[in-house]
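These notes concern the structure reproduced below.
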Amino acid sequence: MQIEKLLKQPNALPSAPKVVRKLIETFDQEDVDAMLAASLIEDDPVLTAKLLKTANSAFFGLNRSVSTAREAINVLGLIKVRALVIAASLGEGFHTVGGVNLNQFWRYSLNTANLSRYIALPIKMDENTAFTAGLIHGIGELVMHVGMPEAMIDLDRSVPMLDLKRAKAERGLFGYSYAEVGAALARDWNFPKRMINAIQHQTAPFDNDVYEPIAGVIHIGSWRARAEEQSMRSELLINTYPDPVGLVLGIDPDTVVAEEIPSISRHSDVTEASESH
Numbered sequence: 072m073q074i075e076k077l078l079k080q081p082n083a084l085p086s087a088p089k090v091v092r093k094l095i096e097t098f099d100q101e102d103v104d105a106m107l108a109a110s111l112i113e114d115d116p117v118l119t120a121k122l123l124k125t126a127n128s129a130f131f132g133l134n135r136s137v138s139t140a141r142e143a144i145n146v147l148g149l150i151k152v153r154a155l156v157i158a159a160s161l162g163e164g165f166h167t168v169g170g171v172n173l174n175q176f177w178r179y180s181l182n183t184a185n186l187s188r189y190i191a192l193p194i195k196m197d198e199n200t201a202f203t204a205g206l207i208h209g210i211g212e213l214v215m216h217v218g219m220p221e222a223m224i225d226l227d228r229s230v231p232m233l234d235l236k237r238a239k240a241e242r243g244l245f246g247y248s249y250a251e252v253g254a255a256l257a258r259d260w261n262f263p264k265r266m267i268n269a270i271q272h273q274t275a276p277f278d279n280d281v282y283e284p285i286a287g288v289i290h291i292g293s294w295r296a297r298a299e300e301q302s303m304r305s306e307l308l309i310n311t312y313p314d315p316v317g318l319v320l321g322i323d324p325d326t327v328v329a330e331e332i333p334s335i336s337r338h339s340d341v342t343e344a345s346e347s348h
């Protein structure tokens, strides 16, 4: 199926709620009023409930429960909360997706977001763009599963969704991958151009007229998160590390090749209650 036809399939591209569109607009603002953002979020009770459920989950392991968007921002920070609300909205749009373990998908996505921020900080990249783009970088997979379920389930059998060779397999079959599809959704929701470019070029960061470093950050962050889902050990981590991208970005390989990284959560459920509460 051509990408243009895929994007026109029923329910393939969910529409962004008003609250989310307003939050996306704040990406281009230099100084964002955190309490104003909290008020925006709290105008949508469903998204607020989903935010609090995720914030209070074992994935984040907070020392105390948060009960409002304001508290969540105070504890987790605006960058994470804004991205989590956007992801929650996408989660509503893809409530059930045939053939996809959504809990694993969102755990992997959150790990990619955390890793992308972890990678971006020491090399002076924009942690906001890195975290948010990392969190939604794989959303194209859900669009593809909704728009052409039979073809995707067939592909899942031979090359699982989080396999390191997934993007190459998709391009071989369809002529595009989840990266281009995810960028189309980000464009439809009016994300900043830099974030769209990062999502679109994440699988091949150098295949772009203007190199976008955040695409490279997501490339390495998602590689490490996929490796985690496959329980890779040191030797295989070293052998599969995307060295050319790391060299261009100036990343110390030891910080991401290590088996134990603080930015990775191994909790099986990103919505289960944290035992620390």
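Residue numbers for the sequence shown follow this note's numbering, so the first one is 72 and each next one is one higher.
Virtual Cβ for every residue (Gly too), placed ideally from N, Cα, C.
Selected residue, minimal CA-CA separation from residue i, among the options
i, options, result
"D314", "I270, G292 and N145", "G292"
"F98", "E330, L318, H290 and A257", "A257"
"A158", "A254, K264 and L118", "L118"
"E259", "D104, K195 and V91", "Contrary to the premise, residue 259 reads as Asp rather than Glu in this sequence. Residue V91 is the option with its Cα nearest to D259."
"R304", "E331, R141, Q175 and F245", "E331"
"P193", "L320, A329 and G164", "L320"
"A120", "E163, P81 and A83", "E163"
"L147", "N185, K264 and V327", "N185"
Sequence-distant residues of the same chain with beta carbon closer than 6 Å to residue i, five excluded per side
i, result
"L155", "L122 and T125"
"A201", "S187, R188, A191, I285 and V288"
"K76", "none"
"Q73", "none"
"W294", "P313"
"S180", "L206 and G209"
"N268", "E283"
Close-in-space but distant-in-sequence residues of the same chain around residue i (CB under 7 Å, 5 per side omitted)
i, result
"N182", "A296, E299, I335 and S336"
"V316", "P276, G287, H290 and I291"
"E198", "I150, R188, A191 and L192"
"K93", "L111"
Backbone CA spacing between residue i and residue j [nearest angstrom]
i, j, result
"N145", "L107", "13 Å"
"E212", "R237", "10 Å"
"K89", "D114", "10 Å"
"L308", "S110", "43 Å"
"Y262", "D234", "Residue 262 is actually Phe in this sequence, not Tyr. Taking the straight line from one Cα to the other gives about 27 Å."
"P85", "P116", "19 Å"
"A254", "E142", "31 Å"
"I95", "R153", "8 Å"
"E221", "P324", "39 Å"
"T139", "F131", "16 Å"
"F277", "H208", "17 Å"
"L161", "Y282", "28 Å"
"K79", "A329", "42 Å"
"K151", "R242", "31 Å"
"M196", "N82", "35 Å"
"N310", "S302", "14 Å"
"R228", "E306", "26 Å"
"I224", "Q100", "41 Å"
"G246", "L318", "28 Å"
"D280", "I322", "22 Å"
"V327", "A87", "34 Å"
"P333", "K264", "30 Å"
Cut-off 8 Å between Cβ atoms - residues of its own chain near residue i, not counting five sequence neighbours on either side
i, result
"M266", "F98, T200, T203, A204, A257 and I285"
"L149", "V103, A105 and A108"
"V230", "K236, R237 and A240"
"M232", "V171, F176 and E212"
"A226", "This sequence places Leu at residue 226; Ala is not what is there. Within the same chain, L226 has close Cβ partners A240, E241 and L244."
beta-carbon residue i near the ligand ZN non-hydrogen atom, thresh 8 Å
i, result
"L320", "As presented, the structure is devoid of all ligands, the ligand ZN included, so that no description of it is given."
Legend entry - Touch test, the stretch 237 to 250 against the stretch 271 to 290, Cβ-Cβ under 8 Å, three pairs minimum: Result yes; three or more Cβ-Cβ pairs closer than 8 Å.
Legend entry - Touch test, the stretch 197 to 217 against the stretch 168 to 187, Cβ-Cβ under 8 Å, three pairs minimum: Result yes; three or more Cβ-Cβ pairs closer than 8 Å.
Legend entry - Secondary structure, alpha helix (DSSP H): runs of 4+ residues fully inside the stretch 218 to 304: With a minimum length of 4 residues, the continuous alpha helix (DSSP H) runs that stay inside the stretch 218 to 304 are 220 to 229, 237 to 245, 249 to 259, 264 to 271 and 284 to 300.
Inset, instruction - With a floor of 3 residues, list each beta strand (DSSP E) that falls wholly inside the stretch 193 to 221, ordered by position along the chain. - result: List check, beta strand (DSSP E) in window: nothing returned.
Inset, instruction - Scan the stretch 104 to 167 and note each continuous beta strand (DSSP E) run of 3 residues or more that stays entirely inside, going in chain order. - result: Assignment of beta strand (DSSP E) within the stretch 104 to 167, counting only whole runs of 3 or more residues, yields no such run.
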